[in-house]
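Numbering (the numbering used here), first residue to last: 97 to 222.
Ideal Cβ placement from N, Cα and C applies to all residues, glycine included.
Treat the numbers as computed from the prediction; the structure is a model and nothing was measured.
Please read the structure below before turning to the comments.
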């Protein structure tokens, strides 16, 4: 149940990011919903697998920049999710680095705020 809630939260956050210029989602309503759910899974897997590896390898950069490099890393991971979704035939597109930068920032903020609204008992935390 917890994973499903996280996917839905990420899908909603990705949908909000499509309001920005440079990030688009096309197709019929059900096709967009399916694309958002698939991209949420892709984005979750990317963050679960690649982000910790990047943090370990780039530990010095994180310390040197006081963590600001994480904004760039998040933007690049968001771009990667857009690239992979394009290759998989999904209708989620990210136009460039700055679209990825602002999109990743919006996704982080919206998913954080939505996570605050979800009761702990629904996410399996007691």
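- Residue 127 and residue 156 have their C-alpha atoms roughly 42 Å apart.
- Under the DSSP assignment, residue 119 falls in the beta strand (DSSP E) whose first and last residues are 119 to 121.
- If you draw a straight line from the Cα of residue 106 to the Cα of residue 199, it is about 12 Å long.
- Taking every protein chain shown into account, the CB of residue 111 has 16 or more other CB atoms within 10 angstroms, so this residue is buried.
- Burial is judged here by how many other beta carbons sit within 10 angstroms of a residue's own beta carbon; residue 123 has fewer than 16 and is exposed.
- In the DSSP annotation of this structure, the continuous segment of the alpha helix (DSSP H) that includes residue 104 starts and ends at 98 to 113.
- When the beta-carbon positions are compared, residue 109 and residue 210 come within less than 8 Å of each other.
- For residue 188, the beta-bridge partners assigned by DSSP are 121.
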